[in-house]
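J.:
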Amino acid sequence: MTLPKVSLARPDLKVDPEDPPGFRAAMFRFGADLGAVRTGTTLYELPPGEAVCPYHYEHHEEEWLLVLAGHPTLREPGGEQRLEPMDVVFFPPGPEAAHQIRNDTDEPVRVLMWGENLYPAATTYPDSQKIGIWLERGEQGKLYRLGTELDYFDGEGETG
Numbered sequence: 340m341t342l343p344k345v346s347l348a349r350p351d352l353k354v355d356p357e358d359p360p361g362f363r364a365a366m367f368r369f370g371a372d373l374g375a376v377r378t379g380t381t382l383y384e385l386p387p388g389e390a391v392c393p394y395h396y397e398h399h400e401e402e403w404l405l406v407l408a409g410h411p412t413l414r415e416p417g418g419e420q421r422l423e424p425m426d427v428v429f430f431p432p433g434p435e436a437a438h439q440i441r442n443d444t445d446e447p448v449r450v451l452m453w454g455e456n457l458y459p460a461a462t463t464y465p466d467s468q469k470i471g472i473w474l475e476r477g478e479q480g481k482l483y484r485l486g487t488e489l490d491y492f493d494g495e496g497e498t499g
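For the sequence shown, the working numbering begins at 340 and goes up steadily by one.
#1: Quick one: grab the DSSP three-state call for Glu455.
#2: Using C-beta distances below 8 Å, list every residue in its chain close to Leu352, excluding the 5 sequence neighbours before and after it, in chain order.
#3: Mind pulling the alpha helix (DSSP H) runs of 4 or more residues that sit fully within the region 342-423?
#4: In three-state terms, what does DSSP make of Ala437?
#5: Could you tell me which of Arg476, Ala390, Phe429 sits nearest to Trp453, measuring between CA atoms?
#6: If we ignore side chains and look at the alpha-carbon of each, how far apart do Arg484 and Tyr464 end up?
#7: Per DSSP, what are the beta-bridge partners of Arg484 in this structure?
#8: With DSSP collapsed to three states, give me the class of Arg449.
#9: Flag this pair as yes or no: are the beta carbons of Gly472 and Pro459 separated by less than 8 Å?
#10: Between the region 430-444 and the region 400-413, are three or more C-beta pairs nearer than 8 Å?
#11: From Gln439, Val448, Thr341, pick the residue whose C-alpha is nearest to that of Glu397; which is it?
#12: Pick helix, strand or coil for Phe429, following the three-state DSSP scheme.
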């Protein structure tokens, strides 16, 4: 048996045409191509002025970041810091590890991110007061505004 492989030297980078300006990162998602089920891995190439995604944190999943080229900006609860090639950052679940990766330079940035694929999954976006819920792999997921909590029995009618 020959194990599958991909090349990060010649990645098949794709940009989602629906991503708005500021979030137009080219990406190569290849974990599934290698047969990974419990972890996902993505190579991102960020043009100047773009970010991987909005500021967020995962509720149950661990994530990792490896800077391959350039000097991305890491936004975290404690502020912002410029990262160097070969820097590695670990993001445990929870608000204390909220993060965003941006390219504030004039040169392209390449980063590799990987983490767990746990379902159902929940991600909170503190800036926009949203929470995203993904029930299963491959699902688009749903986003909800925080602050619209309901009583446990809301809409259940009268009992007894």
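Where a beta carbon is used, it is the ideal one built from N, C-alpha and C, also for glycine.
T.: Looking at the coordinates:
#1: strand
#2: For Leu352, where only same-chain residues beyond five positions count, the Cβ hits under 8 Å are Ala365, Met366, Phe367, Leu382, Glu384.
#3: none
#4: coil
#5: Phe429
#6: 10 Å
#7: Lys469
#8: strand
#9: This sequence places Ile at residue 472; Gly is not what is there. In this structure, Pro459 lies closer than 8 Å to Ile472 by Cβ.
#10: Yes, the region 430-444 touches the region 400-413.
#11: Gln439
#12: Look at Phe429 here: in three-state DSSP terms it is strand.
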